[in-house]
Amino acid sequence: MNFGKFAVSALSLALAFSLSGCGKTEDAGNVIKIGSVAPLTGPQTHIGKDNENGARLAVDEINAKGLELGGKKVKLELLGEDDQAEPKTATIVAQKLVDAGVVAVIGHLNSGTTIPASKIYHDAGIPQISPSATAVAYTAQGYNTAYRVMANDAQQGRALGQFAVTKMGAKKIAIIDDRTAYGQGLADEFEKAATAAGGEIVAHEFTNDHATDFNAILTSIKGKSPDLVFFGGMDPQGGPMARQLKRLGLNAKLLGGDGLQNANFMKLAGADAEGVVASSPGLPIDSMPGGPEFRKKFEAKYGVIQVYAPYAYDAVNVLVAAMKRADSADPAKVLAELPKTDLQGVSGPIKFDAKGDTSGGAVTLYEVKNGAWQVLETVK
Amino acid sequence: MDIFIQQLVNGLVLGSIYALVALGYTMVYGILELINFAHGEVTMIGAMVALTVIGVLMGAAPDLPGVVVVLAGILVAIPACMALAFAIEKIAYRPLRKAPRLAPLITAIGVSIILQNLAMLIWGRQYISFPALLPVARFHFLGASISLLQIVIVVLALVIMAGLWLLVEKSRLGRAMRATAQSREVAQLMGVNVDRVISATFIIGAAIAAIAGVMVSAYYGLAHYYMGFMLGLKAFSAAVLGGIGNIAGAMLGGLLLGVIEALGAGYIGDITGGFLGSHYQDVFAFFVLIGVLVFRPSGLLGERVANRA
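Those protein sequence lines, which keep their order, are chains A and B.
Numbering-wise, the first sequence is residues 1 to 380 according to the working numbering.
Numbering-wise, the second sequence is residues 381 to 689 according to the working numbering.
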């Protein structure tokens, strides 16, 4: 607690110094502040830093090229903040950025932090573009300030449902979801899409996000002999589920969303991860239209790309393009221009629908082969 | 039919683990009339210690056969849990032995929270995976698929239960335990070292809990700092179902509860036409607990406690 207070006061002191520093060198009116929020401490540090670096790369490039708004030369300044992947901290840093006078925010990284922070940005009337939050709820709140540049969970669920039936040839499908906003949302979209594609849902079972015993529900599912089991949930459940599925001799493929498509799932499932298919929103970096070039630029400056850096980079460019069209950095004018976005980003073409979701978000499917996630194909 | 057999097997495996943990609750209750809510956490610590040893051994000697590594993990976890239980009893419960019954109960809950947070600090919040060290062999029996690990769990649990029964019924220590349970004062007058008997009870319960903890983590392939909480509550329900304070009751209650849970979760969706689903899996244990408390508070085999009350 004391350390938190100390850190906040130290940060604000540093901020005050940096602001006064700016004032000396150039006219303060010519500096446009943009916030970038991601977890920069804790277990997700590497992914959070990746987001910030992606945004910083775009900001540096734009500054090097020179930006002119309303007939005046302006300079962008990126204020990086740490939300620790905690919803509580997210609202604190969001308010801090608003108070610091940012005109827009790139972030946050997690859905759980993006959603509570979005209310603060909405109340302040400044645009927020998340590079990586996928929960449907984020853009479903009716805020005209909330945007994202990555496919959401509904798009992912639909892609998974179609893929299961048309590409994996599943006829009888069993669904398990963990009753969380994420898992249930994904499973419901999956069910709709799979049914529409001609698959038959033979069972829909439920668990929770603390469970480790799935023997009973998997046995009950086994009695309905499905050829595919879909799990809407995260890797702490998905891992043991994969193990128990094999152990019960259930002859069905396991399919999941981005909650499973990670390294931890492989660790928890062990050898039973083999053959599991899972999706992740977005494209693998090398299949992105501007991927290889972006990788070269990024790696020269910051090292290896983790995941979402290209999306953070695109988010900044979407924002600056809207500023250019508005010929102003005034948040209200930028907000009026954001819906007209039509940009060829590193990750692909970016257009927004009425809610602020990308209309052309891609979803990539991966399969575990020889103990590693391998790209199967990308669905748009 | 084969699905029914499979659910029965699932339930028996789960039930043997519940029974082992329930023994710890019931033994302590039998002697002290204390519900040792920290017992679930002792189980968790057992799993965590074993996993740490297994991790170190796999790094230091990758050529060791998996069974040896797991056995080494168990052999370190058992004394670790025994020492922990001894310390808990000495520090948290013994000073309160003459206090009103509510005081040690609240202390027990406190110890449980402390252990959980301690484990979170030491091992972190993430799920720790149990490496695939044990041979995976599957057998088919009446259409059900049974793994070697499941057979080992059930057989080992039965052996431990039989051993404990022999210890309590036939050994000197067992006689002292039974005497202390009947009347602490009279046992003391007869020359029984009551403090030592109580310590022994905690230590024996903890040793069994350590084995149960390793079983759970090997069975589900993971462990985490929170795993003891639900396991402890279920085992407590099992002990109450069998009649708390009664060792045979804990065994019967554990097995029965495991089967009820597996059959319940497996069939509730079909029976209620999808109105209630399998996410009510954890509820059955507590339905049973409430049912027993309302209709047969002494439990299935719990005459003695009823007499004493």
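The beta-carbon is built from N, C-alpha and C at its ideal position, and this holds for glycine as well.
Residues of chain A whose Cβ lies closer than 7 angstroms to the Cβ of B/ASN390 are, in chain order, ASN215, ALA216, THR219. Under the three-state reduction of DSSP output, A/GLY35 falls in the strand class. In this structure, A/LEU76 keeps its C-beta atom at 8 angstroms or more from the C-beta atom of A/SER328. Within chain A, no C-beta atom comes nearer than 9 angstroms to that of B/HIS419; the closest sits roughly 19 angstroms away.
In this structure, the straight-line span from the alpha carbon of B/LEU431 to that of A/PRO289 is close to 45 angstroms.
In the DSSP assignment, A/ASP188 falls within the alpha helix (DSSP H) that extends over 181-196. Contiguous alpha helix (DSSP H) elements confined to the stretch 544-593 of chain B occur at 552-562, 564-569, taking only those with 4 or more residues. C-alpha of B/VAL393 to C-alpha of B/ILE533: approximately 7 angstroms in a straight line.
B/ARG477 carries a coil assignment under DSSP once its states are collapsed to helix, strand and coil. Interface criterion met: the Cβ of B/GLN386 is under 8 angstroms from a Cβ in chain A.
Here A/PRO292 is exposed: its Cβ has fewer than 16 other Cβ atoms, across all protein chains shown, within 10 Å. Shortest Cα-Cα distance from B/GLU421 to any of B/ALA499, B/SER678, B/GLY629 involves B/ALA499.
Distances from the alpha-carbon of A/ASN63 to those of A/ILE350, A/ASN317, A/THR341, A/GLY345 put A/ASN317 closest. At a cut-off of 8 angstroms between beta-carbon atoms, A/GLU189 makes no contact with chain B. In the three-state reduction of the DSSP assignment, A/PHE352 falls in the strand class.
Around the C-beta of B/ILE502, fewer than 16 other C-beta atoms lie within 10 Å, and the residue is accordingly described as exposed. Leaving aside the five residues that flank A/ARG295 on each side, the residues in its chain whose CB is nearer than 7 angstroms to its CB run, in chain order, ILE285, ILE305. Distance from the CA of A/ARG158 to the CA of B/ALA630, rounded to the nearest whole angstrom, comes to 49 angstroms.
Of all residues in the stretch 433-453 of chain B, none comes within less than 9 angstroms of chain A when Cβ atoms are compared. Judged by DSSP secondary structure, A/GLN344 falls outside any alpha helix (DSSP H) and instead within the beta strand (DSSP E) spanning 342-345. Excluding residues up to 5 positions away in sequence, ALA117, ILE120 lie with their Cβ nearer than 6 angstroms to the Cβ of A/ALA94 in the same chain.
Between A/LYS222 and A/MET168, the C-beta spacing is not below 8 angstroms.
Annotation for B/ALA642: no beta strand (DSSP E) segment contains it, though the alpha helix (DSSP H) segment containing it runs 627-651. The beta carbon of B/ALA537 does not come within 8 angstroms of any beta carbon belonging to chain A, so the residue lies off that interface. Under a criterion of Cβ atoms nearer than 9 angstroms, the residues of chain A adjacent to B/ALA512 are, in order, ARG243, GLY270, ALA271, ASP272.
When beta bridges are read from the DSSP output, A/GLU77 appears opposite A/LYS33. The stretch 382-391 of chain B makes contact with the stretch 520-531 of chain B; the number of CB pairs closer than 8 angstroms reaches 3 or more.
Neighbourhood of A/LEU248 in chain B, by CB distance below 8 angstroms: GLN386, SER525, in chain order. Distances from the CA of A/LEU248 to each of B/ARG518, B/TYR409, B/GLY657 were compared; the closest alpha carbon is that of B/ARG518. Considering only beta carbons, the part of the stretch 160-194 of chain A lying closer than 8 angstroms to chain B consists of ARG179, in chain order.
The closest CA to that of A/PRO127, considering only A/LEU57, A/THR113, A/MET241, A/LEU335, is found on A/LEU335.
When DSSP states are grouped into helix, strand and coil, A/GLN306 belongs to the coil group. Going by beta carbons, B/LEU621 and B/LEU538 fall outside the 8 angstroms limit. Under the 8 angstroms Cβ criterion, the stretch 438-453 of chain B does not count as touching the stretch 608-620 of chain B, having fewer than three qualifying pairs. Only residues of its own chain outside the window of five on either side were considered, and among them ILE425, GLY426, VAL429, ALA590 have a CB closer than 8 angstroms to the CB of B/ALA460, listed in chain order. The beta carbons of B/TYR409 and B/HIS419 sit no closer together than 8 angstroms.
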